[in-house]
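K.L.:
Attaching a single structure in structure tokens format; questions to follow.
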Amino acid sequence: MKRFAFVMILSATAQAQTMEIPKGAHVLLRMNNTVSSRTAQEGDYVYLTTASPIAAGGQILVPVGTHVTGSVVRVQRPGRVKGRGQMAIRLETLTMNSGRVVKFTPKVNSVDSDESGQRVAGNEGQISQGGTKGKDVQDIAILAGSGAALGGMIGSRVGSSGWKGAGMGAGAGTGVGIARTLMTRGKEVELRHGSSVDVVFDRALTLE
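Residues in the sequence shown are numbered from 1430 upward in steps of one, following the working numbering.
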């Protein structure tokens, strides 16, 4: 009887020490450093901490403030004519309060857009920057309008038709706008210090 009770105690202790983060669990992480497609290279480290706890079975498995590390696995700078900024990160380790390091690979689900339109695309943790077509058209229109106003003013002062001067100015402004657009890169992908990253576990993770 005593031996049976001892085995039961060992079994209960083993169960108590085995904790599992369930599949589909989300956790909010906070960036501790800044990584940008402007300067990042493959293999650069990414440091984060948990901003929300991971709980299951009525207990907190991973508290707020737990350290997470990862790395940059792909970088693409935005082009001057086409091509959006892209960057992919992979999460790799979770350091528990006890000091034990657990390997894990949850998927990046979403990131702060930082009002730039960047978002997670696909299932490989790739973050893509939003397009700039609308802004480019707006910039060209503004320069065309400014050129038209300036051309009309100059045309009226030198005695030529104001409408003719405005048309020439608009054409020049449009040309300048297009040239400037072609010379300017699109927006970079950037995960700033303090920004949020939401990740999801696509498989259960056992913490022993």
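The C-beta atom is built at its ideal place from N, Cα and C for all residues, glycine as well.
Count the other CB atoms within 10 Å of the CB of residue 1439; is the residue buried (16 or more) or exposed (fewer)?
P.N.:
Confidence is the limiting factor: at residue 1439 the pLDDT is only 38, short of 50, which leaves the residue's position unreliable and the question unanswerable from this model.
K.L.:
To which residues of the same chain is residue 1523 closer than 6 angstroms at the C-beta, ignoring the five residues directly before and after it?
P.N.:
Answer for residue 1523: 1497, 1531, 1533, listed in chain order.
K.L.:
Rounded to the nearest angstrom, what separates residue 1566 and residue 1632 at their Cα positions?
P.N.:
With a pLDDT of only 45 at residue 1566, under 50, the local geometry of the prediction cannot be trusted, and the value read off the model is given with reservation. Looking at the two C-alpha atoms, the distance is approximately 44 angstroms.
K.L.:
Give me, in chain order, the residues of the same chain whose beta-carbon lies closer than 7 angstroms to that of residue 1459; leave out the 5 immediate sequence neighbours on both sides.
P.N.:
Around residue 1459: 1477, 1478, 1480, 1623, 1625.
K.L.:
What residue does the beta strand (DSSP E) around residue 1471 start on, and which one ends it?
P.N.:
Unbroken run through residue 1471: none, as it is neither H nor E.
K.L.:
Find the nearest neighbour of residue 1488 within the set 1627, 1558, 1447, 1515, judged by alpha-carbon distance.
P.N.:
The option with the nearest alpha carbon to residue 1488 is 1447.
K.L.:
Going by the DSSP bridge assignment, what does residue 1460 pair with across the sheet?
P.N.:
DSSP output for residue 1460 lists 1477 as bridge partner(s).
K.L.:
Which residue's Cα is closest to the Cα of residue 1540: 1529, 1555, 1449, 1634?
P.N.:
Checked all of 1529, 1555, 1449, 1634; the closest Cα to residue 1540 is 1555.
K.L.:
By Cβ distance, which residues of its chain are closer than 7 angstroms to residue 1484, with the 5 residues on each side in sequence left out?
P.N.:
Cβ neighbours of residue 1484 beyond the five flanking positions: 1490.
K.L.:
By how many angstroms is the C-alpha of residue 1529 removed from the C-alpha of residue 1616?
P.N.:
Roughly 39 angstroms separates the two Cα atoms.
K.L.:
Could you have a look at residue 1642 and say whether DSSP puts it in helix, strand or coil?
P.N.:
Residue 1642 lies beyond the stretch modelled for the chain, which goes from 1430 to 1637, so this question has no answer here.
K.L.:
Take residue 1557 as the anchor and find which of 1486, 1513, 1635 has the nearest alpha-carbon.
P.N.:
It is 1513.
K.L.:
Here's a check: name, in chain order, each residue in its chain whose Cβ is nearer than 7 angstroms to the Cβ of residue 1482, leaving out the five neighbours to either side.
P.N.:
Excluding residues within five positions, the ones whose Cβ falls inside 7 angstroms are 1489, 1491, 1492, 1493.
K.L.:
To the nearest angstrom, how far is the alpha carbon of residue 1537 from that of residue 1502?
P.N.:
Whole-angstrom Cα-Cα distance: 13 angstroms.
K.L.:
Give me the Cα-Cα distance between residue 1461 and residue 1518, rounded to the nearest whole angstrom.
P.N.:
Looking at the two C-alpha atoms, the distance is approximately 14 angstroms.
K.L.:
Given this structure, state the Cα-to-Cα distance separating residue 1450 from residue 1499, to the nearest angstrom.
P.N.:
Cα to Cα, residue 1450 sits roughly 19 angstroms from residue 1499.
K.L.:
According to DSSP, is residue 1519 part of a helix, a strand, or is it coil?
P.N.:
Correct three-state label for residue 1519: strand.
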